[in-house]
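So the structure is just underneath, and the comments pick up after that.
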Amino acid sequence: MRLLVICLGNICRSPMAEGALRHHLAASPLAGRVEVDSAGTGHWHLGEPPDHRAIACARQYGVDISGLRARQLRPEDFDNFDWLLCADGQNLRDVRRFAPAEMAHKVELLLEWSGVEAGGSVPDPYTGGPRDFDRVWQLVDSAARAAVRRLSSG
Ligand code: 4NP
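Per the numbering used here, the sequence shown starts with residue 43, numbered consecutively.
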């Protein structure tokens, strides 16, 4: 099973979600059986580490995301991943527009797919402050825990 988390810049929300997913999967019976990556719809931050505020936030919860590097969504991602999980509704629309028709069913909202909240979005914290990053962590951490349950139950 391979999961790709997607946001706009791939420096805040999706690397935080990638870190939370890796963290909870590694501590579960699914360890070693689920691969996780992240990407952005935008190209502005290619090759950059996550935003320092995202790194600091994840570190507070014991998760090191400093080694991740931003990349943009690629056409082959639709073949290579089982699920493409988007942070917000704009990401969902952008990724679905880019998706081959036969792959569109793989594209969902992270919070909806994991069962946290139907139609729910992880709000963009880029122009916000530490509280906004903490809110992102709470959401992606809930999604990661719920994803482990979803994937464990078949
Ligand atoms: P992300 O946050 O999509 O959660 O990584 C953003 C990062 C960068 C920009 C916007 C959102 N930006 O406009 O550069």
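Even for Gly, the Cβ is constructed at its ideal location relative to N, Cα and C.
Compare the C-alpha of residue i against each of the options and name the closest.
i	options	result
Val78	Asp130, Arg101, Leu153 and Met58	Met58
Arg96	Gly162, Leu152, Asn133 and Leu110	Per the sequence shown, residue 96 should be read as Ala rather than Arg. The option with the nearest alpha carbon to Ala96 is Leu110.
Ser80	Ala98, Tyr103 and Ile107	Ile107
Mapping the DSSP letters down to three states, classify residue i as helix, strand or coil.
i	result
Arg173	helix
Leu126	strand
Leu50	coil
Glu118	coil
Glu150	strand
Considering only their Cβ atoms, is the gap separating residue j from residue i smaller than 9 angstroms?
i	j	result
His66	Ala143	no
Pro167	Val178	yes
Glu90	Ala62	no
Arg55	Val137	no
Leu126	Ile53	no
Leu46	Asp119	yes
Leu115	Ala129	no
Arg44	Asp124	yes
Gln180	Leu50	no
key: Within 7 angstroms of the ligand 4NP: residues by beta-carbon to any heavy atom   = Cys49, Leu50, Gly51, Asn52, Ile53, Cys54, Arg55, Ser56, Gly82, Gly84, Trp86, His87, Asp93, Ala129, Asp166, Pro167 and Tyr168
key: Those runs of the alpha helix (DSSP H) which lie wholly inside the segment 71-114 and span at least 4 residues   = 94-102
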